[in-house]
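Residue numbers (this note's numbering): 109 to 263.
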């Protein structure tokens with residue numbers, strides 16, 4: 109599969125610096141999705157205590173949704189002519205169930221903040237289809253945040 113040339117990126121309305129900045133940001137987002145997948149897989153298997161049974165099952169669903177996000181972000185990076193990263197952010201861990209959920213919550217909040225910035229970048233560059241894809245992802249991330257806050261008794 110060939111990558112976009114500078115002429116093609118100009119046709120898309122993106123300057124090369126805008127495109128590079130969006131690709132860098134999307135690769136950071138992709139690395140966070142990898143981190144989330146790892147954390148959700150591990151935490152859903154290691155949460156202890158009856159009070160965490162429901163959220164442990166929900167984390168399994170979150171892991172699957174994060175994989176879907178990673179696939180979409182990688183596809184967008186490729187479309188823009190970039191190379192999707194293969195390196196994730198370092199996953200957090202704790203032996204304490206409540207701390208696991210707090211780690212996940214903090215990660216989701218950072219991810220939401222980053223996607224909001226990426227949406228602004230995409231729209232400023234005229235990449236409206238990208239911003240719509242990211243809006244779909246951010247909606248699920250916000251659902252994850254709500255579920256984690258509920259499990260932690262923060263809402």
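The beta carbon of each residue, even a glycine, is placed where N, CA and C say it ideally should be.
Only a predicted model underlies this, so the values are computations on that prediction, with no experimental measurement involved.
Separation of residue j from residue i, as counted between CA atoms
i           : j           : result
residue 186 : residue 158 : 43 Å
residue 139 : residue 211 : 16 Å
residue 126 : residue 161 : 45 Å
residue 225 : residue 124 : 19 Å
Sub-8 Å separation of residue i and residue j beta-carbons
i           : j           : result
residue 198 : residue 220 : no
residue 202 : residue 147 : no
residue 134 : residue 194 : no
residue 155 : residue 144 : no
residue 131 : residue 188 : yes
residue 177 : residue 141 : yes
Coil, strand or helix - residue i by DSSP
i           : result
residue 263 : coil
residue 205 : helix
residue 181 : helix
Cut-off 6 Å between Cβ atoms - residues of its own chain near residue i, not counting five sequence neighbours on either side
i           : result
residue 151 : 167, 208
residue 248 : 173
Beta-carbon contacts of residue i that lie in its chain and below 8 Å, excluding the five residues immediately before and after
i           : result
residue 206 : 260
Cβ shell of residue i (< 7 Å), same chain only, five flanking positions each side left out
i           : result
residue 223 : 137, 242, 245, 246, 249
Anticipated Cβ contact below 8 Å, residue i with residue j, distance rounded
i           : j           : result
residue 232 : residue 238 : With 8 Å as the limit, residue 232 and residue 238 do not qualify as a contact, their Cβ atoms being about 11 Å apart.
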